[in-house]
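There are 2 protein chains.
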Amino acid sequence: MTSSTPRVRTSPTIFDVARLAGVSHQTVSRVINNHASVRESTRLRVQQAVDQLSYRPNAAARAMVGARSRNIGLITTGSSDYGPSSTVLGLLSAARAADYSVSLATAVDTEPESVQAAVGLVLGQHVEALVVVASRARILDALAGLRLRVPVVVIESSGRTSPSLSIDQYAGARTATEHLIALGHRDIVHVAGPGDSMDATERLRGWRDTMAEHGLVAPRALEGDWTPGSGYRIGQQLTQHGRRFTALFVANDQMSLGCVHALAERGIRVPEDVSVVGFDDIPEAEHFAPPLTTMRQDFRQLGTDILTTVLDVVEDRQVEPVARLTPTLVVRRSTRRRD
Amino acid sequence: MTSSTPRVRTSPTIFDVARLAGVSHQTVSRVINNHASVRESTRLRVQQAVDQLSYRPNAAARAMVGARSRNIGLITTGSSDYGPSSTVLGLLSAARAADYSVSLATAVDTEPESVQAAVGLVLGQHVEALVVVASRARILDALAGLRLRVPVVVIESSGRTSPSLSIDQYAGARTATEHLIALGHRDIVHVAGPGDSMDATERLRGWRDTMAEHGLVAPRALEGDWTPGSGYRIGQQLTQHGRRFTALFVANDQMSLGCVHALAERGIRVPEDVSVVGFDDIPEAEHFAPPLTTMRQDFRQLGTDILTTVLDVVEDRQVEPVARLTPTLVVRRSTRRRD
DNA sequence: GGCGCCGATGTGAGCGATAACATTCCACCG
DNA sequence: CGGTGGAATGTTATCGCTCACATCGGCGCC
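Same order as they appear, the protein sequences are chains B and C. Numbering-wise, the first sequence is residues 1 to 339 according to the UniProt record's numbering. Numbering-wise, the second sequence is residues 1 to 339 according to the UniProt record's numbering.
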């Protein structure tokens, strides 16, 4: 056990530093803000005083005089879904690199009140901009009801808001479906994510359009909630109804896992009897039984792009209204040519 | 696309509200802080003015006069490991419930400079306390070098720091090992997490002690890095060296997945030939092939406890120096009685 | 040598809120 | 009917910092 930290009553101010260095507070201010026209010897003396007192400028006071806070607000749902949480992680790391801190609040659900409460919380922290990870359409609605005084950047795939960024779910779904079709599959069932998820909707649309373009019938999709458990239940239904299919395009890797589990219990083998494509490329996917073919998304890049956009918006630069990254297909052993 | 938000140049101040309501700014302050002795009619009038201008008190100004910021700082590594990220999620949700915002910064690695940079970032945001998710021992070292002016609460399982909270990894590892021993296993190999992870060290220690208490030899543990890939490689090594074992206690579920994958490739079946116990109970574990026996940790509860401790510390109340939650065993199909 | 200029530094105001103290107003009492 | 007390409200100082402007001092030039 370490000794308890000796807590100092009050922090030193710029005046304390000034007194110790024998200069005016304004000179100290110049030094800590790297202003020109401070003699080298003076700068040094001040710097020493700063170190000696371990002085840290008071952010609140700086904020009051209108200085940049280098703080951005981030709103997410509290879910541990791979997509949203990876996006957050990507943004966090980009923010760190740009020397920005992030004030984060989670909305307990998608009710407008919850979202607005979360927004209110971070807005209380002097943020330069707000980033909202809008996994659900309702979050967008809640947002629309607000008249905010800071710029907002939204992460969502519908393209309804501007500026918004996302990974192109529609394109990803098309690639996945094309892959299955190229392997000779014609009866391709889609296991979708929740209906109010915009990512899920886009993936569904991509699958449906691609099927249509190839003259294939797109049967009604079954809807899960992203969890492995829901995938499992859908897998069971799929086998019970005696539905005919040779391939499954599942809207995320976790549900794929559940589906494959249910299929295996019925003696249906992947990929011998049914090919399966997932979405996300979670770290586990490579080691599923069998290793899962899936769509990889570059969340780190997304995080970096988000921060770039935020900085552009904050500094009143031109920004692309709707920016999109494209997922890439990772072929593993869960898909194969139809016999 | 929604119409672009009309950005107002400057926010209304307490004086704007006061003027509109025809009272002094102090009366407005009383209303927004729910002070007594404001006539009901006045309160109403002020409230209306507040709403009309959608006035929000300026946090920086409040902070300057010493008011509580209702903001806590959180430091993590940017890893997406299930444990740390679930802890963060748990804390975030508890903070939301307590109307606290969270300023989050990730340390790019465990170098003291990285950690200190992250700490500096959040310390610039007027936090009432700092919570550090110290998954690695080195983070603790970096922290020890700092003389901070805010209370610090650490999430770490070694118990070196105070106050600290954690889930009792040692106890969990003991339970897992006991489970295997109770099933008749004697040759139990441990696949450990990285050596500088305190959780990994505690799990290793728990396994070793339990083995010793039962008069069993604990062979040298193999060390992974928490990823499924590392588990896979270790699984391969295990089979190559022709090591004798009937059970595997793997330090987390992801590595378990990799191990089982490697074993399956060599024709070794789980649980027929080898029993496997994981740790974490990630959502996927239930649908692994076979469903994984593992140790479940209550991260939500941990998050709540962290916030309680933070509040206690901030308000100078007595706190338990080292608090621990206990994981519970979830038995699934990857373990069975030794033939 | 005096003037002007510029680099280095100091002074004072003000950001938006709260706390402490001052004032007003009215009801109630002797 | 004046005095008194407490509720309601107003006034002022203050927090730590940066900005705008004031000041100071030395150097170069005519």
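Even glycine gets a Cβ: it sits at the ideal position worked out from N, Cα and C. Values in this document were obtained by computation on a predicted structure and should not be read as measured data.
- By the rule that beta-carbons nearer than 7 angstroms mark a contact, Gly78 (chain B) touches chain C.
- For the region 283-296 of chain B, the beta-carbon criterion of a distance under 7 angstroms to any beta-carbon of chain C is satisfied by Pro283, Glu284, Glu286, His287, Ala289.
- Note that the region 321-328 of chain B does not touch the region 15-31 of chain C; fewer than 3 beta-carbon pairs, one per stretch, sit closer than 8 angstroms.
- Ala247 (chain B) carries a strand assignment under DSSP once its states are collapsed to helix, strand and coil.
- Per DSSP, the continuous alpha helix (DSSP H) segment holding Gly83 (chain B) begins and ends at 82-97.
- For chain B, the residues of the region 221-232 of chain C that bring a beta carbon within less than 8 angstroms of one of its beta carbons are Thr227, Pro228, Gly229, Gly231, Tyr232, in chain order.
- The residue from C:Pro283, C:Thr175, C:Thr309, C:Arg244 with its alpha-carbon nearest to that of Arg186 (chain C) is C:Arg244.
- DSSP, read as helix, strand or coil, puts Asp312 (chain B) in helix.
- According to the DSSP assignment, Ser103 (chain C) belongs to no alpha helix (DSSP H) but to the beta strand (DSSP E) extending over 101-107.
- Straight across, the Cα-Cα distance linking Val131 (chain C) with Leu74 (chain C) is about 5 angstroms.
- Against chain B, a Cβ distance below 9 angstroms from Arg317 (chain C) picks out nothing, because the smallest value is about 15 angstroms.
- Assignment of Arg56 (chain B) by DSSP, reduced to helix, strand and coil, places it in the coil class.
- Bridge partners of Gly73 (chain C) according to DSSP: C:Ser103, C:Leu130.
- Following the DSSP letters along the chain, one finds His261 (chain B) inside the alpha helix (DSSP H) bounded by residues 253-265.
- Arg332 (chain B) and Glu284 (chain B) do not touch by the CB rule: their CB atoms are close to 12 angstroms apart, not below 8 angstroms.
- At least 7 angstroms separates the CB of Met255 (chain B) from every CB of chain C.
- Nearest neighbour of Glu265 (chain B) by Cα position, chosen from B:Leu238, B:Glu128, B:Leu183, B:Gln52, turns out to be B:Leu238.
- Among the residues facing chain C, Ala251 (chain B) is not included, as its CB has no counterpart in that chain under 7 angstroms away.
- Taking C-beta atoms as the reference points, Thr110 (chain C) and Thr76 (chain C) fail to come closer than 7 angstroms.
- With contacts defined as CB atoms closer than 7 angstroms, Ile155 (chain C) and Thr227 (chain C) fail to qualify as a contacting pair.
- Close partners of Ala63 (chain B) in chain C (Cβ separation under 7 angstroms): Ala60.
- Between the region 303-319 of chain C and the region 140-148 of chain C there are fewer than three inter-stretch CB-CB distances shorter than 8 angstroms, so the stretches are not counted as touching.
- By alpha-carbon distance to Ala18 (chain B), the top candidate from B:Asn34, B:His35, B:Thr42, B:Thr10 is B:Thr42.
- Residue contact with chain B for Asn34 (chain C): absent (no Cβ-Cβ distance below 7 angstroms to any residue of chain B).
- Contact of Arg324 (chain B) with chain C is not assigned, every C-beta pair being separated by 7 angstroms or more.
- For Arg203 (chain C), the enclosing alpha helix (DSSP H) covers residues 198-213.
- By alpha-carbon distance to Leu180 (chain B), the top candidate from B:Leu140, B:Arg233, B:Pro271 is B:Pro271.
- Rounded to the nearest whole angstrom, the C-alpha separation of Asp281 (chain B) and Cys259 (chain B) is 16 angstroms.
- Val260, His261, Ala264: these are the residues of the region 259-270 of chain B whose beta carbon lies less than 8 angstroms from some beta carbon of chain C, given in chain order.
- Interface annotation, Gln52 (chain B): not in contact with chain C, CB-CB separation never under 7 angstroms.
- DSSP links Thr293 (chain B) through a beta bridge to B:Val277.
- The beta carbon of Ala200 (chain B) sits no closer than 7 angstroms to any beta carbon of chain C.
- Nearest to Gly231 (chain C) by alpha-carbon distance, out of C:Val217, C:Pro194, C:Arg208, C:Gly172, is C:Pro194.
- Leu53 (chain C) and Asp16 (chain C) do touch by the CB rule: their CB atoms are close to 6 angstroms apart, below 8 angstroms.
- Of the other Cβ atoms in all chains shown, fewer than 16 fall within 10 Å of the Cβ of Val65 (chain C); this residue is therefore exposed.
- Not one beta carbon of chain B lies nearer than 7 angstroms to the beta carbon of Gln301 (chain C).
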